[in-house]
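Participant: Can you read through this structure? Questions will come right after.
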Amino acid sequence: MVQIFIDKQAYEVSEGQNLLQACLSLKLNLPYFCWHPAMGSVGACRQCAVTQYKDEADTRGKMIVACMTPVEEGMRVSLNGPDETHFREQVIAALMTHHPHDCPVCAEGGECHLQDMTVMTGHYARQFKGRKTSFNNQYLGPLIKHEMNRCITCFRCVRFYRDYAGGDDLSAQASKNHLYFGRQSDGVLESEFAGNLVEVCPTGVFTDKPFGDHYSRKWDMQAAPSICQHCSVGCNISLSERYGSVRRATNRFDAHLNGYFLCDRGRYGFDFVNSPARCQQIRLRGKPARWQDEQLQDMLGSSGRWIGVGSSHASLEDNFALQQLVGAENFCPGLDDAQPALMKLHGEILQQYPMASLAEMEQADAVLILGEDINRSAPRMALAVRQALLNKARDKVESLKVPRWQDAAVRQVLPDNPVPLIWFGYGESELQSRALVQCLCDDQEAARQGFLLAGLLSEEAPVPQTGQASQQSSQAAEILKNARNPLLIGGWSAGNPALLAALANIRKALGDKARLAIAAPEMNSVGLSLLIQSGYLTQGAVKEALEQEPVNLLVLDHQSQASQSVLTLLVKKARQTVRLGLLEQEGSQDALLPVAAFSECSGSAINYQGRVQSWQPASKMTGDCMPGWQWLVHLARMQQRPLADVEDLGQLRHKLAQCHGQLGDVWRTDPHQPAVAQQPPRYSGRTAMLANQTVHEPKPYQEPQAPYRQSMEGVDTRKCPTRPMPYSWWPGWNSNQSVHKFQDEYRGPALPGQTRSVAFAHFESSCWFKWRPQWSDREQVGYRILPLKQIFGSDGLSLKAPAIEELHERAQLWMTPQLADKLGMQAGQWVQCDDQPLWMQAGLSEQVPEGCLLAYVPADEALPVTSCERFAVADLQQAEAIEQQHQGRMEGVRERRQTRQSWLLHQDEFIPIRFVEGLN
Amino acid sequence: MDKPMTAHLDTQNPQDLAGYRDTGGYMGFARALDMTPAEVQQQVKDANLRGRGGAGFPTGMKWGFVPMGQDAPKRKYLVCNADEMEPGTFKDRWLMEGAPHLLIEGMMIAAYAIGASRAYLFLRGEYRLCARRLEQAIREAEEAGLLGKDIQGSGYSLELHLHTSAGRYICGEETALLNALEGKRAHPRSKPPFPQIAGLFGQPTIVNNAETLCNLPGILRRGPAWFRDLAADSDDAGTKIYGISGRVRQAGLWELPMGATARQILDLAGGMQDGLKLRGWLPGGASTDFLLPEHLDIPMEYDAIAKAGSRLGTGGIIALDDQHCPVGMVLNLIQFFAQESCGWCTPCRDGLPWAAEILSRIETGKGCQEDLDELSKLCDFMWMGKTFCALAPGAVEPMRSGLKYFADDFQQHIDKGCCPYRQ
C-alpha cells in the first residue's frame with residue numbers, strides 16, 4: 001500500500017495500479033473513456049486528466065492523465081481544481097462536436113457512459129458552430145447494429161476486438177476527425193466475441209440488435225442475476241425483462257469467471273426462452289390435456305418400474321429430484337454412450353485437484369491444451385487463455401520500468417516475448433494458430449502423448465506400454481518444467497476419457513504449481529458427475545431393462561438430435577414415456593409436462609470447476625409451465641415416493657445438501673433478510689402496464705423464501721453487494737461501468753477469494769491414472785471420424801434463438817487436401833458418409849490427422865457413426881436441392897423472427913396476469 | 001566558410017560513390033570502424049551535435065540510452081527520419097537529392113555507434129527523386145562492400161533499407177514513424193518505453209533526423225573540435241541548413257554556421273519582394289511561434305530562439321509579409337494540422353478542426369467576439385502535456401502567437417465583417 005493525496009486528503013491505495021484505477025477504487029468520480037479495467041491504459045481520450053503537484057509547496061502543478069500515471073508514495077494530485085475540471089469539460093465539448101443529439105432514439109440512452117461522463121463534467125451547452133460529420137453505417141450481421149455517427153473515437157472497440165479478442169475484420173480506418181471503426185465492407189462480424197462491443201462501446205455505436213427489435217430502457221427492465229446455459233463455464237449474466245418477456249442478457253461482472261466479457265453464444269443464446277417452440281401446455285399423446293384428466297393421472301401415477309433419464313441441460317435440482325423419485329439405481333444421466341464415463345472421471349479428478357478459474361488462467365506463463373478446441377467448446381475460457389499469452393510481455397515491460405497495464409507497450413514487445421502455448425490435437429482454431437509447440441494428432445494419440453509427457457515429468461507416472469514420446473512432448477516437458485504457473489487444459493469434446501486421465505497425470509507430475517481445467521460440454525454436465533457418484537444406469541443397461549420388463553420412462557429435456565434419436569428408440573420399447581419438456585420436439589411421448597425455463601424459476605448448476613452457481617427468475621412462468629422439480633414432486637406424491645414430502649425449493653435443496661454433505665449451506669439464505677428489489681428505482685408504468693386488463697395492481701411475484709422480489713419494493717441492490725446483483729447501477733453511473741462502485745478493481749495484484757462453494761470440496765489425495773489399452777484399441781475400419789464443434793450450432797438450446805439460428809454453421813466434413821485429391825473431392829462439395837443421410841460440406845485443412853476426417857454436425861442433426869469407408873458426392877441436382885433447403889430454412893428463420901417479434905409486441909399489451917389476485 | 005555538408009552538393013549531378021570517395025567520402029566511416037562504438041559515441045558527444053529535426057536533443061546523449069555490450073539485445077535498429085513534411089521545410093530533400101552518399105555514410109556511422117545491424121531510411125513518399133538517388137547510392141555502397149556482411153573485414157555487418165512512407169505528417173513523430181514502419185497505423189506511442197530501449201519491433205532503436213546524420217561523416221573525419229569551431233560564436237556547434245520561403249525575392253537554402261541570424265538569411269534571399277515589408281516570421285517550420293521583424297538579429301540557435309518565445313525547429317523560415325492576411329495564414333496552417341491529426345487523442349483530433357472552423361468563419365467575416373475567447377481557450381486546450389504527442393501543441397504555436405502579435409487583424413476581421421486584405 002502507498003499513501004497518496006487527492007485534493008489534499010490522504011488515501012491508502014494498493015501499489016501497482018494507475019491513478020485512475022486508484023481513484024475509482026476509492027469510489028471517487030473521475031470520468032474516462034479509453035481506459036477499460038480489463039484492457040489497460042493507452043492514454044488516448046485524455047478525459048481522466050488531473051493536476052499533479054511536486055510537493056506541498058507546489059501550487060501550479062502539471063496536468064497529467066490519470067490512467068497513464070502509476071500511483072507513487074506521497075503523490076499529490078487534485079481532481080477538482082479549476083484547471084483540470086475545465087480541461088475535462090473541454091474534452092467532452094470536443095467529443096460532442098460531432099456526436100448527434102439523438103439520445104431519445106438511441107438504444108444506449110439511459111445506460112450510456114458518454115451521457116454519464118458528460119453530466120459528470122458539467123458540460124451542457126454547445127459552443128461549436130460548425131457542421132457535424134456524418135458516416136455510413138454498415139451491416140454487421142444479426143447480432144450488432146452499427147451507428148457510426150455516434151462515435152467518440154475512444155478506440156475501445158478495436159482494442160477489444162483485435163487486441164483483446166484476436167478478431168481481424170474490424171479496424172480503425174481513415175484518420176483525423178474522420179476516423180471510422182468498421183469492416184472493410186458490410187458483412188457479419190467474424191469474432192465470436194463481437195457482442196461485447198455492445199458493452200465495450202461507451203456510447204451507441206454498437207448496439208444489441210435482437211434487443212433493439214424488442215427494446216426497453218434499462219431503467220424500465222426488471223432484472224435477475226442468472227447463469228449462462230450454453231457451456232460448462234457458467235458465465236454470470238444478468239437477464240432483463242419487461243412486459244413478461246426476457247429482453248436481453250448482459251454480462252454480470254465476476255472476478256473469477258467471466259470478468260467483463262461473454263461470448264456471443266452466451267449473450268444471444270438466451271432467446272430460446274421466447275421461442276414460439278416453447279412447450280406451454282400439458283399434452284397427452286400429442287393433444288392438449290389438463291392436469292385433472294383421469295388418463296393423465298393414471299399414467300403419471302402408474303406403479304411399476306420407472307427409469308429416469310437426466311439431462312445436463314437441466315438444473316441440479318431437477319436432476320436430483322428425478323434421481324430421488326426413481327432411485328439412483330434407476331437413474332441414467334444421459335443419452336450419450338461416452339458421457340457417463342467422462343462424467344465419472346471428471347468427478348474423480350475434481351475430488352483430487354481444484355480447477356483453475358478463468359482469472360487464474362489469465363496468470364499462466366505456459367499453457368498446454370490437450371485434444372480440446374476450447375475456442376468452440378468453452379469460448380470464454382479461450383478468451384482467458386489469450387490474455388495469459390501476454391504475461392511474458394508484461395514481465396518484459398515491467399523490467400523496462402513500464403507498468404504492466406500500459407497496454408500499447410505490452411503489445412509492442414509481445415512478438416519477442418511469447419508465452420509458450422502447447423497444442424496437441426486437431427482442427428483449426430485461433431489458439432491453435434498461436435501455438436508455439438504443435439502436434440497434429442487424433443484424440444487417442446493426444447492422450448497417449450499426454451501419458452508419455454507425464455512420464456517425462458515424473459518417473460512414477462504410469463505410461464502406456466506402446467508408443468514413444470514425440471519431439472513435441474519432450475519440448476512440452478521442458479517448457480512445463482520451467483514454467484512458474486503452467487496451465488493444463490482439456491475437455492470432453494473428443495469423447496475420450498483418456499485425455500482427462502492424461503491431464504490429471506501431468507497435473508500430478510508437475511505438482512501444485514500447475515493448474516488444471518477440464519471443459520465439459522454442457523452447463524450442468526459436472527452437476528450430473530456429482531449425482532452419479534453413488535451409481536447410475538448406463539444407456540446399455542436402460543436398453544436391457546426395457547427388453548426385460550415393462551418400464552415407464554421419465555425423461556428430462558434434451559436438446560440434441562443425437563439424444564433425440566436414442567430416445568426415439570427407447571420410447572418404442574417403453575411401456576409409457578413422460579417427458580418434462582422445455583421445447584417442442586418431434587418424436588413420440590405419451591405425456592408431456594411443460595417446464596419453466598431458467599429465466600422463469602430458480603435453479604443451480606455446477607460449472608467445470610465444480611462450483612455451484614444459482615440463478616434467479618427474471619420473469620414469471622406462463623401457461624402450464626412449472627419448474628421440473630415441482631412436476632416431479634407432484635409425481636412423487638401420486639406414486640407415494642420419497643420426494644412426496646418436499647414443499648418448496650428450499651426443502652429440496654436441503655435434501656440435496658444432506659445427500660452431498662460438501663454442498664453444506666450453498667443455498668442458505670437468512671429468512672429474515674429482506675428480498676432484493678429486481679426492478680430499478682426508476683421503473684415506470686408499474687400501475688399502468690396492466691390497466692388494459694385489470695385495475696388491480698398485481699401482487700409482486702416472489703418465489704417462496706427467495707431472496708429476490710420482482711418488484712420495486714425491497715432492498716436496493718446497491719445496499720447488499722454481497723448478493724449477486726440483478727443489475728448494476730449507481731447514481732451518476734447508469735452504464736455497466738458502474739460496476740466499479742461495487743468491486744475492488746478488476747484482477748488487481750491480488751485476486752479476491754473465491755466465495756462460491758465447491759461441490760467437490762473434500763480433496764482426496766491424488767492418484768495416478770493407469771493407461772487402459774481399450775483407450776486406443778478401437779477397431780479401425782476406413783477413416784475415423786473425429787467430432788468437431790462450432791460456436792453456433794453445436795449447442796442445441798442456443799440454436800432456438802433466432803439470431804443464433806441465422807448464424808449457425810451447416811454440417812461440415814474436413815479432410816486434408818491430399819485425401820481430397822485421392823477421393824476426387826473438392827472443397828465446398830456436399831458429401832455423405834457411408835449410408836448416412838446427412839449431407840456435409842467438404843472442407844480442406846492441413847489440421848486433420850492422417851487417416852481421419854473431422855465432422856461437425858449441428859445439434860439438430862445426427863451422424864451416429866465414428867468411422868466410414870465410402871463417400872457419396874452430391875451431383876448438381878442434389879447440391880441445388882441442399883442449397884434450396886438451406887435457403888428455405890433461412891427464409892423460415894427470418895420469417896419466424898418477424899412473426900415472433902410481432903407476437904412479442906402484441907404480448908406486451910397482454911402480459912400474463914395470473915399473479916393478480918382474484919384472477920385466473 | 002566551411003560547408004561540410006553542402007560543399008560538394010549537386011542537385012543536378014550528385015556525386016556517385018567514386019566521386020564522393022574522391023572528396024573524402026566514407027573516410028569518416030572508416031575512422032569509426034577503427035574505434036569502438038563507445039568511442040564513436042564520445043566523439044559525437046564531444047562535438048555537441050544536437051538533433052536537427054526540431055527538438056534539438058543532443059545526439060550523443062540520445063545514443064547513450066541504447067543498451068550496449070554483451071547483455072544487450074542482439075537486434076538493434078537505426079532509423080533515419082527523412083519524412084520531411086513540415087510546411088516550409090525542404091532541407092532534407094536538398095541534402096538527399098544532392099548528396100545521397102553523405103546520408104548513407106552518416107547512417108552507417110550512427111548504426112555502428114549503437115551496434116545496430118539493420119538500418120531503415122524512412123523517406124517521405126513524395127520524394128521520388130530522393131528515393132531513386134538513395135536507392136542508387138545504397139546499391140553502390142553494397143557493391144563496394146561498404147554495406148552487408150563483415151564490412152571491410154571489420155566484423156561489423158549492416159543492412160540498410162529504404163522505406164518510402166505511405167504518407168501523413170504524423171510519421172515524422174518518431175514513435176508514429178516506428179508504428180508505420182512496422183505496418184501499423186501511424187499513431188504515436190507513449191513514452192516510456194522510449195525507442196532507445198524498446199522501439200522498432202520492440203527492440204532498441206535510434207531515430208535520427210536526416211540532417212543530423214549528415215553531420216556525422218564530418219565529425220568523424222575531422223574531429224569534434226573542428227565541428228565545434230564551425231560555429232565559434234555560438235552556443236551550438238556545427239553548421240545548419242537554414243532556409244526561407246514566403247514572398248521573399250529568392251527563396252532557398254543555405255548551409256551556415258549555427259547561430260546565423262534570420263536577417264543574414266533574409267539578405268541571402270535578397271530581402272522581401274518589391275513593395276512588401278516583413279510582418280512576422282516562423283523560425284523553423286509551421287509548428288513554431290511567430291517572431292517579429294524586431295527579432296531578426298537573434299542568433300538562430302536553439303536556446304536563443306527559445307528565449308525569444310519560439311523554437312528553432314527545422315530552421316526553415318516562413319516569412320509573412322504585410323500584404324498577406326495573418327488570419328488567413330494561421331487558418332491555412334491550422335487546416336493543415338487538422339487534416340494531418342492522426343486521430344488518436346481528443347484535443348488534437350477534435351480541437352484542431354474546431355479551431356479551423358472558427359478561424360475560417362473569422363477569415364470570411366462571419367466571426368464574433370466570443371470566437372476570439374474560444375480560440376484562446378482552444379490554444380490552452382491543446383497545449384503541452386494535455387495531448388498525447390507534440391503535434392497539437394506544435395500546431396497551436398503559430399495560432400497562439402498569431403493571436404498575440406496580430407490581435408488587431410483578428411479584431412478587424414470581426415469588426416468589419418470581412419477580411420481587410422481582400423478588399
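Residue numbers (the UniProt record's numbering), protein chains in the order written: chain B, 1 to 920; chain F, 1 to 423. Glycine residues also receive a C-beta, built at the ideal position from the N, C-alpha and C atoms. As the structure is a prediction and not an experimental result, all values here were calculated from the model.
Candidates B/N236, B/S245, B/D908: which alpha carbon is nearest B/A691's?
Facilitator: That would be B/D908, whose Cα lies nearest to the Cα of B/A691.
Participant: Buried or exposed, going by whether 16 or more other CB atoms sit within 10 Å of the CB of B/R686?
Facilitator: Under this definition B/R686 is an exposed residue.
Participant: Between which residues of its own chain and F/G167 is the CB-CB distance below 6 angstroms, once the five residues before and five after are set aside?
Facilitator: The residues are G125.
Participant: Could you list which residues in chain B have their beta carbon closer than 8 angstroms to that of F/W344, in chain order?
Facilitator: By Cβ distance, chain B contributes A44, F155.
Participant: Could you list which residues in chain B have their beta carbon closer than 7 angstroms to that of F/G351, in chain order?
Facilitator: In chain order: A94.
Participant: Whole angstroms are fine: how far does the CA of B/E445 sit from the CA of B/E522?
Facilitator: Roughly 25 angstroms separates the two Cα atoms.
Participant: For chain F, check one thing: does any of its Cβ atoms lie closer than 8 angstroms to the Cβ of B/L114?
Facilitator: Judged by the 8 angstroms Cβ criterion, B/L114 is not in contact with chain F.
Participant: Using only the alpha-carbon positions, how far apart do F/A198 and B/R394 sit?
Facilitator: Spanning the two alpha carbons is a distance of roughly 13 angstroms.
Participant: Is F/G394 close to chain B, meaning its C-beta is less than 8 angstroms from at least one C-beta of that chain?
Facilitator: No, F/G394 does not count as interfacial toward chain B.
Participant: Can you grab the Cα-Cα spacing for the pair B/Q297 / B/S711, in whole Å?
Facilitator: Rounded to whole angstroms, B/Q297 to B/S711 spans 36 angstroms at the Cα level.
Participant: Check distances from the C-beta atoms of the region 193-210 of chain F to those of chain B and list, in chain order, the residues that come in under 7 angstroms.
Facilitator: Those would be P193, I197, A198, F201, G202, in chain order.
Participant: Inspect the CB distances between the region 109-117 of chain B and the region 29-36 of chain B and report whether three or more fall short of 8 angstroms.
Facilitator: Enough Cβ pairs lie closer than 8 angstroms, so yes.
Participant: Using only alpha-carbon positions, find the residue among B/A597, B/C235, B/E806 that is nearest to B/V278.
Facilitator: The sequence shown places Arg at residue 278 of chain B, rather than the Val named in the question. B/R278 has its Cα closest to that of B/A597, out of B/A597, B/C235, B/E806.
Participant: Could you confirm whether any beta carbon from chain F is found closer than 8 angstroms to the beta carbon of B/F87?
Facilitator: Closer than 8 angstroms: yes.
Participant: Apart from the five residues on each side of it in sequence, which residues of its chain come closer than 6 angstroms, Cβ to Cβ, to B/V646?
Facilitator: Excluding sequence neighbours, B/V646 sits near V633, L652.
Participant: Taking the continuous beta strand (DSSP E) assigned at F/L230, which residues delimit it?
Facilitator: F/L230 -> not in any beta strand (DSSP E); alpha helix (DSSP H) instead, spanning 224-230.
Participant: Mark F/N13 as exposed unless 16 or more other C-beta atoms lie within 10 angstroms of its C-beta, in which case mark it buried.
Facilitator: Its Cβ having fewer than 16 others within 10 Å, F/N13 is exposed.
Participant: Which chain B residues are close to F/P347, counting only those with a beta carbon under 9 angstroms from its beta carbon?
Facilitator: Correct list: R46, F87, Q90, V91, A94.
Participant: What residues from chain F crowd round B/K392, counting only those whose CB sits closer than 7 angstroms?
Facilitator: Correct list: empty, because the minimum Cβ distance to chain F is about 12 angstroms.
Participant: Is B/L556 near B/A862, with beta carbons less than 8 angstroms apart?
Facilitator: Going by C-beta atoms, B/L556 is not nearer than 8 angstroms to B/A862.
Participant: Do you know how far the Cα of B/V13 is from the Cα of B/P749?
Facilitator: Annotation note: pLDDT 45 at B/P749 (below 50); position unreliable, coordinate value reported separately. Looking at the two C-alpha atoms, the distance is approximately 12 angstroms.
Participant: For B/V542, return the contacting residues in chain F, with the cut-off set at a CB-CB distance below 7 angstroms.
Facilitator: Neighbours of B/V542 on chain F: none; closest Cβ ~59 angstroms, over 7 angstroms.
Participant: My output table needs one value for B/D407: the three-state DSSP class, helix, strand or coil.
Facilitator: Three-state result, B/D407: helix.
Participant: Please return the same chain residues whose Cβ sits closer than 8 angstroms to the Cβ of B/L499, not counting the five positions on each side in sequence.
Facilitator: The residues are L370, G371, E372, D443, A446, A447, G450, G490, G491.
Participant: Quick check: the region 47-60 of chain F against the region 177-189 of chain F, are at least 3 beta-carbon pairs closer than 8 angstroms?
Facilitator: Counting Cβ pairs under 8 angstroms, fewer than three are found: no touch.
Participant: Quick check on B/H113: does DSSP put it in helix, strand or coil?
Facilitator: Three-state result, B/H113: helix.
Participant: Would you mind sorting B/M1 into buried or exposed? The rule is 16 or more other CB atoms within 10 Å of its CB.
Facilitator: Answer is exposed; the Cβ neighbour count stays below 16.
Participant: Would F/A338 pass as an interface residue toward chain A - the criterion being a Cβ-Cβ separation below 8 angstroms?
Facilitator: Judged by its chain identifiers, the structure shown contains no chain A, and its protein chains are B and F.
Participant: Starting from the beta carbon of F/W354, find every residue of chain B whose beta carbon is closer than 8 angstroms, and list them in chain order.
Facilitator: A94, T97, F128, G130, listed in chain order.
Participant: Based on DSSP bridge pairs, tell me the residues matched to B/V13.
Facilitator: BP columns for B/V13 point to B/V2.
Participant: Three or more beta-carbon pairs under 8 angstroms between the region 185-198 of chain B and the region 154-169 of chain B, yes or no?
Facilitator: Short answer: they touch.
Participant: What did DSSP end up calling B/P749 once you bin it into helix, strand or coil?
Facilitator: With a pLDDT of only 45 at B/P749, under 50, the local geometry of the prediction cannot be trusted, and the value read off the model is given with reservation. Coil.
Participant: How is B/D821 classed by DSSP in three states: helix, strand or coil?
Facilitator: Of the three classes helix, strand and coil, the one that applies to B/D821 here is helix, per DSSP.
Participant: Looking at the unbroken alpha helix (DSSP H) that takes in F/F406, where does it start and where does it end?
Facilitator: It is not in any alpha helix (DSSP H) - F/F406 carries neither H nor E in the DSSP assignment.
Participant: If we require 3 or more residues per run, which beta strand (DSSP E) segments fall completely within the region 379-441 of chain B?
Facilitator: With a minimum length of 3 residues, the continuous beta strand (DSSP E) runs that stay inside the region 379-441 of chain B are 421-425, 437-440.
Participant: According to the Cβ coordinates, are F/D371 and F/E301 closer than 8 angstroms?
Facilitator: Taking 8 angstroms as the Cβ cut-off, F/D371 and F/E301 do not qualify as a contacting pair.
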